[in-house]
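Counting from 1, position 161 in the sequence shown corresponds to residue 979 in my numbering; the numbering is continuous, with no gaps.
No residue lacks a Cβ here, since even glycine has one placed at the ideal position from N, Cα and C.
A quick note: this is a predicted structure, and the numbers were derived from the prediction, not measured.
Encoded as structure tokens, the structure appears first; notes follow it.
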Amino acid sequence: MTMATFGARGESLAPYTSLRIGGPADFFLRVGTEKDLLDAIQVARENELPVFILGGGTNLLVADRGVRGVVLQNAWRESSVDGEIVTASSGTELAHVAAVAARSGVEGLEWMATVPGTVGGAVHGNAGAFGSETADVLVDAELADLNGDSWTARVDELGYSYRTSSLQGTPIVCVRARFRGRGGDRANAV
819 MTMATFGARG ESLAPYTSLR IGGPADFFLR VGTEKDLLDA IQVARENELP VFILGGGTNL
879 LVADRGVRGV VLQNAWRESS VDGEIVTASS GTELAHVAAV AARSGVEGLE WMATVPGTVG
939 GAVHGNAGAF GSETADVLVD AELADLNGDS WTARVDELGY SYRTSSLQGT PIVCVRARFR
999 GRGGDRANAV
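Written as structure tokens, this is what we have:
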């Protein structure tokens, strides 16, 4: 991936936000795999361009003047269940995480079905509903920075409080996260 093949220039962000407003991005690229996500961040860094990760586009207002730098729409969606642990990529919608958990008989993640947005946004903003929030069920998150370094951070290392985390305002990207539910009956988990 190079700047010559780096997606659309001047793409309006309005179609990618829930409110359908917003100006253009200098560069816009939709990424669908972990490799594409990390490669795009690397190319942006090499070209000294700021990066903004766009997940589901909910709870987001984009100015008419647009966004300088690179906007990466994270369309990478993968999930798996191992016992009571649900692992999901950062572009996976929370409703999908809840559905996968329910189909596997994992309870405790049902609230995610009501929250618009993605795993990456939930990890960054401590999303929640109905008395539960991300910090209550997150085990850990795989993170990456603009230098290409990646690591796994435990939930207690993310500085969570009401709808905030220590990730906000940093150039750190959530790559994937692991959530802990509890074993249950598939019929009750829906």
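Taken in chain order, the complete beta strand (DSSP E) segments of 3 residues or longer contained in the region 854-921 are 869-872, 885-892, 897-900, 903-907. At least 7 Å separates the beta-carbon of G909 from that of W929. Between the C-alpha atoms of S830 and G926 there is a straight-line separation of about 38 Å. In the DSSP annotation of this structure, the continuous segment of the alpha helix (DSSP H) that includes T952 starts and ends at 952-955.
Checking the DSSP bridge columns, you'll see R1000 partnered with E925. If you check the CB distance, V957 and R996 come in under 7 Å. Less than 7 Å separates the beta-carbon of L867 from that of V888.
Each residue's CA atom was taken as its position, placing A862 and A919 some 35 Å apart. The continuous stretches of alpha helix (DSSP H) do not include V973, and DSSP gives it neither H nor E.
In the three-state DSSP reduction, V941 falls in the helix class (H, G or I). Per DSSP, the continuous beta strand (DSSP E) segment holding P842 begins and ends at 842-849.
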